[in-house]
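For reference, the structure is listed below as structure tokens.
Protein chains: 2
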Amino acid sequence: MSDDTPYAPSRIRALPSWLLGRAAARGHRLVADALATEGMRMMHHAVLSAVDELGPVSQAELGRTVGIDPKDMVTLVNDLQKDGLVTRTPDPKDRRKNAVEISTAGRQRLRRTQQLGDQANAELTASLTPDERAQLITLLGKIAVPDR
Amino acid sequence: MSDDTPYAPSRIRALPSWLLGRAAARGHRLVADALATEGMRMMHHAVLSAVDELGPVSQAELGRTVGIDPKDMVTLVNDLQKDGLVTRTPDPKDRRKNAVEISTAGRQRLRRTQQLGDQANAELTASLTPDERAQLITLLGKIAVPDR
DNA sequence: TGGTTATCGTTGGGGCACCCAATGAAACCG
DNA sequence: CGGTTTCATTGGGTGCCCCAACGATAACCA
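From first to last, the protein sequence lines stand for chains P and D.
For the first sequence, the numbering used here begins at 38 and goes up steadily by one.
For the second sequence, the numbering used here begins at 38 and goes up steadily by one.
The following block contains the structure:
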């Protein structure tokens, strides 16, 4: 069911960059569709998850950790705050910063979105054995790091 | 070298979908920058390469093969035609179709962009052994095929 | 044969991830 | 203290991906 396709008369398809783009697009589609049932997008979930793990944290640090532009972080936190999933309070220690913290509702939402994300990723890697999945994660980890 | 990084206190980073997005973004950046020196983008190169391999071909079939929306294909072929890299002639057999064919200039351009693409992919996978690179390509091939 | 159905190129519109520059306020540091 | 840096925010921009519609043409089929 996977080897009879008139697949591709194209040199392009052997390039990691091309395959990565395709695989990423499919992964994004799966995860986005899953998270949409909770009214969230990938970035929302990523930020919410980071806030949960980091505790009260500034937007700038969030951006650095998750790899999101400060500009987009503003919008993201706005959305999360509007839905009551995180709180944004001025940091008394440093009045430039916002202390972003997850709320109870945020924790509940996070539990569901994590499950949805895991399911979507399971579907994404459904054609892989557990070993292969682990290999893929390791390999991707090596090339995904732009560094800094 | 991989376990001391203040890496990420984030569950997200272990998800294939997230890693794929990150790796794809880096790959896209590398390839796009390389192709930009020839005034082309990834899609241009992909289409040009497909035209070269498929011979005279309709835009619809090109779109199906490379996985590009017909709408975007119009723009892409417009660009390539404007630069004299492909010819677009009405198909006498089927007057709905355009027969897209690569030109001599297109072949020359393609040779350069292929080299640039290969270099960028080499840089992308620089931290991988040849074996690992082959593994990655195999694994990606398994999950990249979404649908059609 | 004639009517329906499907395909092709094209136009129009939209969403999302990613990225850069600039600004005022505040903190840091020598 | 004065210069530099950081922070949140605003503004703008690009590239890839997807959907809907339409006139022209071809294929299908009853």
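Just so it is clear, CB atoms sit at the ideal spot from N, CA and C, and this is done for glycine as well.
All of these numbers come straight from a predicted model, not from anything done at the bench.
Start and end residues, alpha helix (DSSP H) containing Ile139/P = Judged by DSSP secondary structure, Ile139/P falls outside any alpha helix (DSSP H) and instead within the beta strand (DSSP E) spanning Asn135 to Ile139.
With DSSP as the reference, label Arg125/P as helix, strand or coil.
-> In the three-state DSSP reduction, Arg125/P falls in the strand class (E or B).
Taking 8 Å as the CB-CB limit, is Thr74/P close to chain D?
-> no
Alpha carbon to alpha carbon, how far is Thr74/D from Glu36/D? Give it in angstroms, no decimals.
-> Since the first residue of chain D shown is 38 and the last is 185, residue 36/D is not available in this structure.
Inspect the beta-carbon positions of Leu72/D and Gly154/D and report whether they are closer than 8 Å.
-> yes
What are the residues that DSSP puts in a beta bridge with Val94/P?
-> Val137/P
Would you mind sorting Thr162/D into buried or exposed? The rule is 16 or more other CB atoms within 10 Å of its CB.
-> buried
Note down, in chain order, all residues in the segment 152 to 181 of chain P with a beta-carbon under 9 Å from any beta-carbon belonging to chain D.
-> Gly154, Asp155, Ala157, Asn158, Leu161, Thr162, Ala163, Ser164, Leu165, Glu169, Arg170, Gln172, Leu173, Ile174, Thr175, Leu176, Leu177, Gly178, Lys179, Ile180 and Ala181
If we ignore side chains and look at the alpha-carbon of each, how far apart do Pro127/D and Asn135/D end up?
-> 5 Å
With DSSP as the reference, label Arg149/P as helix, strand or coil.
-> helix
Taking the continuous alpha helix (DSSP H) assigned at Thr175/D, which residues delimit it?
-> Pro167 to Ala181
Chain P residues whose Cβ lies nearer than 8 Å to that of Ala83/D | Ser47, Ile49 and Trp55
Are Val123/D and Leu91/D close, meaning C-beta to C-beta below 8 Å?
-> No.
Mark Asn158/P as exposed unless 16 or more other C-beta atoms lie within 10 angstroms of its C-beta, in which case mark it buried.
-> Residue environment for Asn158/P: buried (at least 16 other C-beta atoms within 10 angstroms of its C-beta).
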